Amino acid sequence: MTKNEIFVSAEELERQRGFIPRVRSLIGEEKKYCIQTFGCQQNEADSERLAGLCVVMGYCKTESLSEADLIIYNTCAIREHAELKALSKAGQLKKLKEAKRSLITAICGCMIEQEHRRTQLSKSYPYVDFVFGTDRHHALPEMVYTALTQKGAKAHVSSLPHNEFGIIAEGLPVVRESSYKAWVSIMYGCNNFCSYCVVPYVRGRERSRRSEDVLKEVENLVKMGYKDITLLGQNVNSYRGDYSFPELLDRAASFDGEYRVRFMTSHPKDASKELIDVMAANPRIAKHFHLPVQSGDNRILKLMNRGYTREEYLKKAYYIREKMPEAAISSDIICGFPTETEAEFDNTVDIVEKVGFDMLFTFVYSPRKGTVAAEMEGQVPHEVKTARFARLSAKENLIAEGINKQSVGKTFRVLSDGIVNPEDGIYSGRTTQNKIISFSLPEGFAPEKAAAGHFLDVKVDHAQAYALTGTALTKD
Ligand code: 5AD
Ligand code: SF4
Numbered sequence: 016m017t018k019n020e021i022f023v024s025a026e027e028l029e030r031q032r033g034f035i036p037r038v039r040s041l042i043g044e045e046k047k048y049c050i051q052t053f054g055c056q057q058n059e060a061d062s063e064r065l066a067g068l069c070v071v072m073g074y075c076k077t078e079s080l081s082e083a084d085l086i087i088y089n090t091c092a093i094r095e096h097a098e099l100k101a102l103s104k105a106g107q108l109k110k111l112k113e114a115k116r117s118l119i120t121a122i123c124g125c126m127i128e129q130e131h132r133r134t135q136l137s138k139s140y141p142y143v144d145f146v147f148g149t150d151r152h153h154a155l156p157e158m159v160y161t162a163l164t165q166k167g168a169k170a171h172v173s174s175l176p177h178n179e180f181g182i183i184a185e186g187l188p189v190v191r192e193s194s195y196k197a198w199v200s201i202m203y204g205c206n207n208f209c210s211y212c213v214v215p216y217v218r219g220r221e222r223s224r225r226s227e228d229v230l231k232e233v234e235n236l237v238k239m240g241y242k243d244i245t246l247l248g249q250n251v252n253s254y255r256g257d258y259s260f261p262e263l264l265d266r267a268a269s270f271d272g273e274y275r276v277r278f279m280t281s282h283p284k285d286a287s288k289e290l291i292d293v294m295a296a297n298p299r300i301a302k303h304f305h306l307p308v309q310s311g312d313n314r315i316l317k318l319m320n321r322g323y324t325r326e327e328y329l330k331k332a333y334y335i336r337e338k339m340p341e342a343a344i345s346s347d348i349i350c351g352f353p354t355e356t357e358a359e360f361d362n363t364v365d366i367v368e369k370v371g372f373d374m375l376f377t378f379v380y381s382p383r384k385g386t387v388a389a390e391m392e393g394q395v396p397h398e399v400k401t402a403r404f405a406r407l408s409a410k411e412n413l414i415a416e417g418i419n420k421q422s423v424g425k426t427f428r429v430l431s432d433g434i435v436n437p438e439d440g441i442y443s444g445r446t447t448q449n450k451i452i453s454f455s456l457p458e459g460f461a462p463e464k465a466a467a468g469h470f471l472d473v474k475v476d477h478a479q480a481y482a483l484t485g486t487a488l489t490k491d
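Be aware that the sequence shown starts at 16, since it is given in our numbering, and climbs by one per residue.
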């Protein structure tokens, strides 16, 4: 695929725009959309673009399924649990459709890129009007128009050959959930084929947005008052625009004003010293490194096709600690990968202790159809996987508590998420490390200065494994 082919053509975007007034005149006034999102931040970002298209088509937002005239479920396929949840939500559409015949229902996202799920949906969920894959968002106006004018479930997935699907549509309208936190996708897809992971099959090959498009979007967000901007990609280190990822990140964090730039997710095999140096040097880059290790055992890492050893991982983690002692490091771990022995899992527990992760996202291994690991002999029994999960979670609780206790008495710059408990005057916010902190205001502190989207200094009074508590400081 050449560079230009990964972008949706101007003609196609124009053709889609042509459906917008047609939908508008068909639906009339006061129709409502409801989008429910499952899974990762990439899906959340995609849903914000779908919401943008719904609004220009004339729909207003509702959170209530029974009030909605257009329902879209944006699904996840990373683990079986996520898919089962989406399917059970899909089942509930039947009643809603019976109650409102004119309701349009759609399912999109990663689950739809799997043929067996599409077959299942078209056979067993006839009340779903249309389904669409991860690179068809820009075609929503045409899909809604077709559903309004023709009967019968339709599937819209990539038209490109397998493993090449995935195109980028620039300039789509966006309705952001937050007025001060924003996702900015910089790349889509993944080429790594970790043996357990379905992402390369449901999101296609890596393709990057142009650096100038990304930077323009960030600059506009900063001008609009956004304070926390996350650059998103399955593996941001593989970003291939006009700039390298570290340079893009540095530039994204170089506009005027107080704001933070984060990024998700970084693959340990590609996380470079240059990236860590750029993070350390630029105060607008949040001091949080999410670096999924998945396992601490070299044989398992090899079977996972991760492309690094535990020693290489540790070297990078120690370099982060050396350059940015204040930074939080978080990680993902899979418990019970096929053939993993107790001794090999001990190596995972050991690496978790050695790095001392600030936060850990622990998962029970879930076989995914079509992946290499799902076909491996030596699948680990469910109760063994969950026992390992419980053991690691208990260990991480102690580690996180120990790290957080060291924060007591220290002051952090916090981006407020506003008041969460009005009776007790408790606010919540996030530190640059992405840790949640609840805080109260001292007497005389103007509440508007602690409203959502404001930065303020908070001194930590208490710490637990997953919670910091403090008091806002009045500036001298
Ligand atoms: N089973 C369990 N966890 C998985 N992840 C990805 N695929 C699987 C799977 N098949 C986890 C990885 C990844 C995170 C987003 O989800 O830890 O980093
Ligand atoms: Fe999945 Fe590995 Fe790609 Fe992450 S890097 S999305 S775990 S294949």
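Positions of the beta carbon are idealized from the N, C-alpha and C atoms, including for glycine.
All figures in this text were calculated on a predicted structure; none of them were measured in a lab.
- Message: Determine whether the beta carbon atoms of Glu185 and Asp228 lie at a separation below 7 Å.
- Response: yes
- Task: Go ahead and pull the three-state DSSP assignment for Glu26.
- Result: helix
- Item | Whole runs of the beta strand (DSSP E) within the stretch 176-250, excluding any shorter than 3 residues | 196-200, 243-247
- Message: Let's test the definition: count the other Cβ atoms within 10 Å of the Cβ of Ser281 and tell me whether it reaches 16, buried, or not, exposed.
- Response: buried
- Query: For the ligand SF4, any of its heavy atoms closer than 6 Å to the Cβ of His282?
  - Reply: yes
- Determine the contact status of Asn297 and Asp265, defining contact as a CB-CB distance below 7 Å. yes
- Would you mind sorting Ala105 into buried or exposed? The rule is 16 or more other CB atoms within 10 Å of its CB. buried
- Message: Can you find the residues in the same chain that come closer than 6 Å, C-beta to C-beta, to Leu108, ignoring five residues on each side of it along the sequence?
- Response: Thr120, Tyr142
- Which residue's Cα is closest to the Cα of Phe376: Pro307, Tyr274, Gly444, Lys46? Pro307
- In terms of alpha-carbon separation, which member of Ala267, Tyr328, Lys284 lies closest to Val276? Ala267
- Query: Can you tell me whether Arg132 is buried or exposed, with buried defined as 16 or more other CB within 10 angstroms of its CB?
  - Reply: buried
- Looking at C-alpha atoms only, which residue of Ala480, Ala466, Tyr481 is the closest neighbour of Ala487? Ala466
- Query: Between the stretch 341-348 and the stretch 386-394, are three or more C-beta pairs nearer than 8 Å?
  - Reply: no
- In whole angstroms, what separates the C-alpha of Val190 from that of Ile87? 15 Å
- Task: Check whether the Cβ of Cys55 sits closer than 6 Å to any heavy atom of the ligand SF4, and report yes or no.
- Result: no
- Could you check if Thr447 is buried or exposed, using at least 16 other CB atoms within 10 Å of its CB as the buried criterion? buried
- Just the C-alpha distance for Ser174 and Asp361, rounded to the nearest angstrom, thanks. Only weak support is given to the placement of Ser174: the predicted model assigns it a pLDDT of 48, under 50, and the question is left unresolved by the model.
- Query: Going straight from the alpha carbon of Thr401 to that of Lys410, what length do you get?
  - Reply: 14 Å
- Item | Bridge partners - Ala487, DSSP secondary structure assignment | Val473
- Classification of Gln165 by the beta-carbon crowding that lies within 10 angstroms, buried from 16 upward: exposed
- Task: Give every residue whose Cβ lies closer than 6 Å to any heavy atom of the ligand 5AD, listed in chain order.
- Result: Ile93, Arg94, Tyr211, Cys212, Pro307, Gln309, Asp347, Ile349, Phe378, Tyr380, Ser381, Arg383
- When the Cβ atoms of the stretch 469-488 are set against those of the stretch 422-430, are three or more pairs found closer than 8 Å? yes
- Item | Rounded separation between Ile366 and Ile315 - CA only | 13 Å
- For Ile291, I'd like the list of residues in its chain whose CB is within less than 7 Å of its CB, leaving aside the five on either flank, ordered along the chain. Tyr334, Ile335, Lys338
- Roughly how many angstroms lie between the CA atoms of Phe232 and Ser117, to the nearest whole one? The question names Phe, but residue 232 in the sequence shown is Glu. Cα-Cα distance, rounded: 37 Å.
- Task: Output the boundary residues of the beta strand (DSSP E) element that contains Asn89.
- Result: 85-90
- From Arg428, Asp243, His153, Ile434, pick the residue whose C-alpha is nearest to that of Ala66; which is it? His153
- Item | Ile127, DSSP secondary structure in three states | helix
- Message: Considering just the uninterrupted stretch of the alpha helix (DSSP H) at Arg497, what are its terminal residues?
- Response: Residue coverage of the chain in this structure runs from 16 to 491, which leaves residue 497 outside it and unanswerable.
- Query: Is Tyr380 closer than 7 Å to Phe404 when the C-beta atoms are compared?
  - Reply: no
- Lys331: buried (16+ other C-beta within 10 angstroms of its C-beta) or exposed? buried
- Please find out if some non-hydrogen atom of the ligand SF4 comes closer than 6 Å to the beta-carbon of Gln129. no
- Backbone secondary structure at Ile418 - three-state DSSP: helix
- Task: Return the chain-ordered list of same chain residues with a C-beta closer than 6 Å to the C-beta of Glu29, the five sequence neighbours on each side being excluded.
- Result: none
- Look up Gln135 in the DSSP assignment and say whether it is helix, strand or coil. helix
- Message: In the DSSP output, what is Gly444 paired with across the bridge?
- Response: Ser431, Ile452
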